[in-house]
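Mapping of the sequence shown onto the numbering used here: residues 1400 to 1668, in sequence order. We put the beta carbon where it would ideally sit given N, CA and C, even for glycine. Quick caveat, the model's predicted, so the values are computed rather than measured. Reviewing the structure listed below.
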Amino acid sequence: MNYRHAFHAGNFADLVKHAALLQLLGRMTSEGGPLTIIDTHAGRGLYDLAGPEARKSGEAAAGIGPLMAALDAPAAFKPLTKAVGGLNSGVEVRRYPGSPWLIAEALRPADSYLGCELRANEHAALRDLLKGRRNVETLCADGYETAMSRAPKAGRLLVLIDPPFEQSDDYRRIVETVRGVRTPGATFLVWLPLKDLETFDAFLRDLPDRTVGLVVEARMRPLSDPMKMNGCALALIPGPLDLEPSLQAIGDWTTGTLGEGGVAKVYRL
Ligand SMILES: C[S@@+](CC[C@H](N)C(=O)[O-])C[C@H]1O[C@@H](n2cnc3c(N)ncnc32)[C@H](O)[C@@H]1O
1400 MNYRHAFHAG NFADLVKHAA LLQLLGRMTS EGGPLTIIDT HAGRGLYDLA GPEARKSGEA
1460 AAGIGPLMAA LDAPAAFKPL TKAVGGLNSG VEVRRYPGSP WLIAEALRPA DSYLGCELRA
1520 NEHAALRDLL KGRRNVETLC ADGYETAMSR APKAGRLLVL IDPPFEQSDD YRRIVETVRG
1580 VRTPGATFLV WLPLKDLETF DAFLRDLPDR TVGLVVEARM RPLSDPMKMN GCALALIPGP
1640 LDLEPSLQAI GDWTTGTLGE GGVAKVYRL
């Protein structure tokens, strides 16, 4: 396990994922009963953009940096830019939130969060970050297994699946998890890299039939080099279909402003 999200925090892919996550959370917490959220691959929860990893990769400087300075960013980014603004004083963005922080901040009193992180040092940082928060639990454990074993039998559930895709079996394990979580009506938000289209299409074909939902493809450049991360995608299963315009706006701005001849597509599965 070599993946360290500190190199990638605040990059274009985080912007797409986190802006969409906040749109979805806004919808799911504006109405309805208590919501359980399971974050299978949580990371450390908060990232130092002045640290060596972020400075070395330069990914945040090409992602959240331009977004915070943009005058033309669509309203769908507002919850994310507000969250980032709240963590930083002044113009420079030094701290960037991960999914656990964004989710923990959005919880209502009866909602709950379970974040899983397999790397011990990342988990320790996450546990310390969220210590003392009500209805928040973190585990140093495999997120796929935990989602299947800890999903409630009933009630409203959102599962965020955001693996590093270091292991070739991540695609298979996501599909197994979507099948293995038995909570009726559960919603899944899955993040995927876009390298070549066959790998991605095969994943969509493998999803169980009950999973009618939305797909967001943010292609940052033509998908001509399958060895590169040419963009990212989200599968929202089943997800509120009326989020389509917000997700399209997020994808359009990201690919149009940060991409190299890219294009965004949102479609129904
Ligand atoms: C892409 S990062 C997660 C970023 C986070 N979801 C966010 O949006 O801020 C993936 C994380 O999953 C962790 N990880 C890898 N395999 C895992 C597994 N099977 N279960 C739980 N965590 C895992 C990695 O150590 C890494 O911190």
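Supposed contact pair R1443 and E1504 - C-beta distance, whole angstroms, cut 8 Å: Along the sequence shown, read from residue 1 onward, the residue named residue 1504 stands at position 105. Along the sequence shown, read from residue 1 onward, the residue named residue 1443 stands at position 44. Incorrect: roughly 16 Å between the Cβ atoms, too far for contact.
Please state the DSSP three-state secondary structure of E1643. As a first step, residue 1643 must be located in the sequence shown, where it is residue number 244. In this structure, E1643 counts as helix in the three-state DSSP scheme.
Going by DSSP in three states, K1569 sits in which element: helix, strand or coil? In the sequence shown, counting from the first residue as 1, residue 1569 sits at position 170. At residue 1569 the sequence reads Asp, which differs from the Lys that was named. Helix, per DSSP.
Below 8 Å CB to CB, which residues in the same chain sit around L1423 once its five sequence neighbours on both sides are set aside? The residue labelled residue 1423 in the question sits at position 24 within the sequence shown. Around L1423: L1557, T1586, L1588, L1635, G1638, P1639 and L1642.
Under a Cβ-count criterion, where at least 16 other Cβ atoms within 10 Å of its own Cβ denotes burial, should L1596 be classed as buried or exposed? Counting from one through the sequence shown, the residue named residue 1596 turns up at place 197. Exposed, because fewer than 16 other Cβ atoms sit within 10 Å of the Cβ of L1596.
Exposed or buried, which one is K1481 when buried takes at least 16 other CB atoms within 10 Å? Reading the sequence shown from its first residue, position 82 is the one you call residue 1481. Answer is exposed; the Cβ neighbour count stays below 16.
Among A1601, V1665, G1584 and L1525, which one has its Cα closest to the Cα of L1613? For the purposes of this step, residue 1613 is taken as the residue at position 214 of the sequence shown. Comparing Cα-Cα distances from L1613 to each of A1601, V1665, G1584 and L1525, the minimum goes to V1665.
Using only the heavy atoms of ligand 1, determine whether one of them is closer than 6 Å to the beta carbon of S1429. As a first step, residue 1429 is located in the sequence shown; it is residue number 30 there, counting from the start. S1429: no, Cβ never under 6 Å from ligand 1.
Taking only three categories from DSSP, how would you classify K1627? Locating residue 1627 in the sequence shown gives position 228, where the first residue counts as 1. K1627: coil per DSSP, three-state reduction.
Only counting the same chain, and skipping five residues up and downstream in sequence, which positions put a Cβ closer than 7 Å to that of R1518? Here the question's residue 1518 lines up with position 119 in the sequence shown. So the qualifying residues of the chain are M1400.
Quick check: is any heavy atom of ligand 1 less than 6 Å from the C-beta of S1645? In the sequence shown, residue 1645 corresponds to position 246, counting from 1. Incorrect: S1645 has no Cβ contact closer than 6 Å to ligand 1.
Hey, S1371 and N1534: beta-carbon distance below 7 Å or not? Lying outside 1400 to 1668, the shown extent of the chain, residue 1371 is not represented and no answer is given.
E1516 Cβ short of 6 Å to ligand 1 heavy atom set: As a first step, residue 1516 is located in the sequence shown; it is residue number 117 there, counting from the start. Under cutoff, so the answer is yes.
Nearest residue (CA-CA) to L1513, options G1542, M1619, K1552 and F1406: In the sequence shown, residue 1513 corresponds to position 114, counting from 1. It is G1542 whose Cα lies nearest to the Cα of L1513.
Using 7 Å as the limit for Cβ to Cβ distance, is P1473 near chain B? Protein chains in the displayed structure number just one, and chain B is not present.
Please confirm whether any heavy atom of ligand 1 lies closer than 6 Å to the CB of G1442. For this step, residue 1442 is matched to residue 43 along the sequence shown. True, at least one ligand heavy atom lies under 6 Å from that Cβ.
Under a three-way DSSP split, which group does F1564 fall into? The sequence position of residue 1564 within the sequence shown is 165, counting from 1. Reduced to three states, the DSSP call for F1564 is coil.
Any heavy atom of ligand 1 closer than 6 Å to the CB of D1568? Numbered from its first residue, the sequence shown carries residue 1568 at position 169. D1568 Cβ: outside cutoff for every heavy atom of ligand 1.
Around the C-beta of M1626, are 16 or more other C-beta atoms found within 10 angstroms, so that it is buried, or is it exposed? Within the sequence shown, residue 1626 is the residue found at index 227, counting from 1. With fewer than 16 other Cβ atoms within 10 Å, it is exposed.
DSSP on P1499, reduced to helix/strand/coil? Counting from one through the sequence shown, the residue named residue 1499 turns up at place 100. It is helical.
Proximity below 7 Å, CB of R1493 to CB of A1449: For the purposes of this step, residue 1493 is identified with residue 94 of the sequence shown, where counting begins at 1. For the purposes of this step, residue 1449 is identified with residue 50 of the sequence shown, where counting begins at 1. Their beta carbons are under 7 Å apart, which means R1493 touches A1449 by this criterion.
Would you report the Cα separation of F1398 and A1441, rounded to the nearest angstrom? Nothing about residue 1398 can be reported from this structure: the residues present for the chain run from 1400 to 1668 only.
Selected residue, minimal CA-CA separation from V1574, among P1607, A1550, A1468 and K1552: The residue you call residue 1574 lines up with position 175 of the sequence shown. Cα-wise, what sits closest to V1574 is P1607.
Rounded to the nearest angstrom, what separates A1475 and G1425 at their Cα positions? As a working note, residue 1475 is residue 76 in the sequence shown. As a working note, residue 1425 is residue 26 in the sequence shown. About 11 Å.
Per DSSP, which one or two residues make a beta bridge with K1664? Within the sequence shown, the letter at position 265 stands for residue 1664. Paired residues: E1616.
Opposite R1555 in the DSSP bridges: which residues? Translated into the one-based positions of the sequence shown, residue 1555 becomes position 156. Answer by DSSP bridge pairing, in chain order: L1434.
On the three-state DSSP scale, how would you describe A1449? The residue labelled residue 1449 in the question sits at position 50 within the sequence shown. Coil, per DSSP.
Same chain only: Cβ atoms within 6 Å of I1502, ignoring 5 sequence neighbours per side: Numbered from 1 along the sequence shown, position 103 holds the residue referred to as residue 1502. Cβ neighbours of I1502 beyond the five flanking positions: I1436 and Y1512.
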